[in-house]
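In what follows, a single structure is set out as structure tokens and then discussed.
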Amino acid sequence: MEPMYIEDQTMPGKSPSTDERSAHTRTRTVTPVSTDAPLLGSHATLQALAIIIPQVQHEFDVPTALSGLGSTSSFLGMLIGAGSFGILADIIGRRTAFNATLFLTCVFAFGSGLAPSFAALCGLLASMGFGIGGNLPVDGTLFLEFMPTEQQKLLTLLSVFWPVGQVATSLSGWFLMPSRSCASALDCPRSSNEGWRYVLFVLGTMTGAMFVARFFVFRMLESPKFLLSRGKRQEALDVLNHLGRQGKIELDLTIEDMPQLRVRDDDASPSTGKIWRTSSSWMEVVSSNMSKFTPANIRPLFSKSMWLTTLLVNLIWYHIQQDVCRLWIYHVQWLLACALGVVSIAGVPASFAGMWLIETSLGRRGTMVLSAIGTVISFVLFNFSRSQASLLGFSCLSTFFSNMIYGVLFTYTPEVFASSYRATACGIASALGRITGALAPLMSGAFLSIWSDLPLYFAAGLIGVAGLCMALLPIETRGRPSL
Numbered sequence: 001m002e003p004m005y006i007e008d009q010t011m012p013g014k015s016p017s018t019d020e021r022s023a024h025t026r027t028r029t030v031t032p033v034s035t036d037a038p039l040l041g042s043h044a045t046l047q048a049l050a051i052i053i054p055q056v057q058h059e060f061d062v063p064t065a066l067s068g069l070g071s072t073s074s075f076l077g078m079l080i081g082a083g084s085f086g087i088l089a090d091i092i093g094r095r096t097a098f099n100a101t102l103f104l105t106c107v108f109a110f111g112s113g114l115a116p117s118f119a120a121l122c123g124l125l126a127s128m129g130f131g132i133g134g135n136l137p138v139d140g141t142l143f144l145e146f147m148p149t150e151q152q153k154l155l156t157l158l159s160v161f162w163p164v165g166q167v168a169t170s171l172s173g174w175f176l177m178p179s180r181s182c183a184s185a186l187d188c189p190r191s192s193n194e195g196w197r198y199v200l201f202v203l204g205t206m207t208g209a210m211f212v213a214r215f216f217v218f219r220m221l222e223s224p225k226f227l228l229s230r231g232k233r234q235e236a237l238d239v240l241n242h243l244g245r246q247g248k249i250e251l252d253l254t255i256e257d258m259p260q261l262r263v264r265d266d267d268a269s270p271s272t273g274k275i276w277r278t279s280s281s282w283m284e285v286v287s288s289n290m291s292k293f294t295p296a297n298i299r300p301l302f303s304k305s306m307w308l309t310t311l312l313v314n315l316i317w318y319h320i321q322q323d324v325c326r327l328w329i330y331h332v333q334w335l336l337a338c339a340l341g342v343v344s345i346a347g348v349p350a351s352f353a354g355m356w357l358i359e360t361s362l363g364r365r366g367t368m369v370l371s372a373i374g375t376v377i378s379f380v381l382f383n384f385s386r387s388q389a390s391l392l393g394f395s396c397l398s399t400f401f402s403n404m405i406y407g408v409l410f411t412y413t414p415e416v417f418a419s420s421y422r423a424t425a426c427g428i429a430s431a432l433g434r435i436t437g438a439l440a441p442l443m444s445g446a447f448l449s450i451w452s453d454l455p456l457y458f459a460a461g462l463i464g465v466a467g468l469c470m471a472l473l474p475i476e477t478r479g480r481p482s483l
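UniProt numbering puts the sequence shown at residues 1 to 483.
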């Protein structure tokens, strides 16, 4: 399959200015669709777990040695969800997979708030994590495929919603939990400990609001690049013309203007003016598309030109999770929800700094390496801090650099892979990252029993290895059109 460009390709008979306006229209339309809910939900969940676990322990009388099972369950769900929805998005489409992740997250967030036991809570958190885990690879893929090349840097800026989600969860915990929480496990009936449940309800409400808005406020469209990769030129044409009408721009495109990436189009029927023209049920569509999955779907990831990039990207995602260190910091300092919010806010300027740096001579790779070095240094400085102010300051510094790493990596990963297997690649990478996250709560307790500083140095070592992998990446995507 030849490389595919939509917004960067001047279509036959169309002037460059028309393409630029079309790309701008698509950018403006998709931006609110694929930002808030997925990125808010992902890190808001992690923050919620850090806040509610002590009260969950009190209510269900959970031993400290087992308290990490809640976080581990959530990460296991995220691991499975990332891999599953990454593959699904390359088979059934980005739009359907994206909708499903939001729905599952909303339903199981509310279900977790109603959990009658710790075992039930772990199961529900794993189910909620399944939806959240699928958000990240699908969202990045969908957003990038609507972006003109010069605006791909905005994908880094979307990482600003991670700390925003964390702050929102911290504030909800600060307002809802103090007056609705037990002081100890000695006398902690459910009626006196509803605060942590309300935090989960807030999380479910945020995601649910985004899911509902997708149908009543703005209309989610399928990625034209995905449709073209499947030979659906007519449907891709319908999407582009619909976006043009939304922007009050008459694109005047025809089927001949669509790049033909397959010998035979799956959808070459005359346009009906509708973007969805199937009479099959949703389950029939999913079943039909799932039957098309073969090892050939992932074989391009390990081709001669891509195997090293695939290996290094996956190693970076695997090593980049630093929740061992974060959980340790929170455990030692017993930070209140409002203090967690202060630390989270430090990630906001990192998104803007990262968006600027990736367009400089540093590029994506250099910015990630710089961020990794900064993260390791901040960990070391944190270890030598003795005052509350310096501990909080270096916690903020580590959050700044780590959010920059995530933001740039969130941009680089979908950029470097072609659209026909982009979501699969992003899903596998994200799933590998969740492995470290799933092990983190359990490893944290084991490390603390050996040496109180061990989790910190272990996390710094992981980031150091990730930084080395970043430096070895063979492809720089700055200024390169997404394929």
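C-beta: ideal position from N, C-alpha, C; glycine also. In this text, all values refer to a predicted model and were calculated from it rather than measured experimentally.
In chain order, what residues of the same chain lie with their CB nearer than 8 Å to the CB of residue i, ignoring the 5 residues before and after it?
i: phenylalanine 302; result: Thr310
i: threonine 156; result: Ser351, Gly354, Met355, Ile358, Gly407, Val408, Phe410, Thr411
i: arginine 480; result: Thr149, Glu415
i: proline 349; result: Phe400
Three-state secondary structure (DSSP) at residue i?
i: phenylalanine 447; result: helix
i: asparagine 193; result: coil
i: proline 63; result: coil
i: residue 547; result: This structure leaves residue 547 out entirely; the chain is present only between 1 and 483.
i: glutamate 235; result: helix
i: glutamate 150; result: helix
i: valine 217; result: coil
i: serine 419; result: coil
i: leucine 432; result: helix
i: cysteine 469; result: helix
i: glutamine 166; result: helix
i: glycine 134; result: helix
i: serine 172; result: helix
i: serine 385; result: coil
Return the chain-ordered list of same chain residues with a C-beta closer than 7 Å to the C-beta of residue i, the five sequence neighbours on each side being excluded.
i: phenylalanine 108; result: Leu124, Ser127, Met128, Gly131
i: serine 112; result: Leu121, Leu124, Leu125, Met128, Leu200
i: serine 378; result: Phe394, Leu397, Ser398, Phe401
i: threonine 254; result: none
i: aspartate 453; result: Asn383
i: tyrosine 318; result: Leu432, Gly433, Ile435, Thr436
i: alanine 115; result: Leu121, Leu124
i: arginine 190; result: Glu59
i: glutamate 476; result: Gly363, Arg364, Arg365
i: asparagine 403; result: Ser159, Trp162, Pro163, Gly347, Ala350, Ser351
Return the Cβ separation of residue i and residue j in integer angstroms, given the expectation that the two are a contact with Cβ distance under 8 Å.
i: isoleucine 463; j: threonine 375; result: 5 Å
i: asparagine 314; j: isoleucine 428; result: 7 Å
i: glycine 461; j: phenylalanine 75; result: Incorrect: roughly 20 Å between the Cβ atoms, too far for contact.
i: glycine 347; j: arginine 478; result: With a Cβ gap of about 23 Å, glycine 347 and arginine 478 do not count as contacting.
i: alanine 89; j: threonine 141; result: 6 Å
i: glutamine 55; j: serine 181; result: 5 Å
i: cysteine 106; j: phenylalanine 211; result: 6 Å
i: leucine 243; j: glutamate 235; result: Not quite, the Cβ-Cβ distance comes to about 13 Å (not below 8 Å), so this is no contact.
i: glutamate 256; j: arginine 94; result: At roughly 25 Å, the Cβ-Cβ gap does not stay under 8 Å, so glutamate 256 and arginine 94 are not in contact.
i: methionine 470; j: methionine 368; result: 4 Å
i: threonine 169; j: alanine 44; result: 4 Å
i: glycine 134; j: phenylalanine 85; result: 3 Å
i: leucine 472; j: leucine 312; result: 6 Å
Can you tell which of the options has its C-alpha closest to the C-alpha of residue i?
i: proline 148; options: Leu76, Phe215, Lys225; result: Lys225
i: glycine 77; options: Met210, Ala431, Gly354, Ala466; result: Ala431
i: aspartate 61; options: Glu145, Leu439, Ala183; result: Ala183
i: isoleucine 53; options: Glu194, Ile298, Arg94, Met220; result: Glu194
i: alanine 97; options: Pro63, Val138, Gln57, Gly133; result: Val138
i: glutamine 47; options: Phe417, Gln234, Val164; result: Val164
i: cysteine 426; options: Trp162, Ile92, Ser305, Gly83; result: Gly83
i: leucine 370; options: Val342, Asn403, Gly467, Met306; result: Gly467
i: glycine 70; options: Glu476, Ile51, Ile298, Ile316; result: Ile51
i: alanine 440; options: Thr424, Ala459, Ala423, Ile450; result: Ala459
i: isoleucine 345; options: Leu392, Gly86, Cys188, Leu473; result: Leu392
i: isoleucine 92; options: Val416, Ala446, Lys232; result: Lys232
i: serine 159; options: Val342, Leu136, Ser361; result: Leu136
i: leucine 176; options: Val202, Thr360, Gly81; result: Val202
i: threonine 413; options: Gly68, Ile80, Ala65, Lys153; result: Lys153
i: isoleucine 316; options: Val465, Thr64, Leu144; result: Val465
Considering only residues of the same chain and omitting the five flanking positions on each side of residue i, which have a CB-CB separation below 6 Å?
i: proline 300; result: Tyr421
i: serine 288; result: Note that serine 288 scores 49 on pLDDT, short of 50, meaning its location in the model is unreliable; the coordinates nonetheless yield the value given after this. Correct list: empty, nothing qualifies.
i: phenylalanine 118; result: Phe60, Val62
i: cysteine 188; result: His58, Glu59, Cys182
i: phenylalanine 417; result: Ala425
i: serine 67; result: Ile53, Gln57
Verify the CB distance criterion: does residue i have a CB-CB separation below 8 Å to chain B?
i: serine 305; result: Going by chain labels, chain B is absent from the structure shown, which holds only one protein chain.
### Task
Ignoring anything shorter than 4 residues or poking outside the region 36 to 124, list the alpha helix (DSSP H) runs there in chain order.
36 to 60, 69 to 89, 94 to 113
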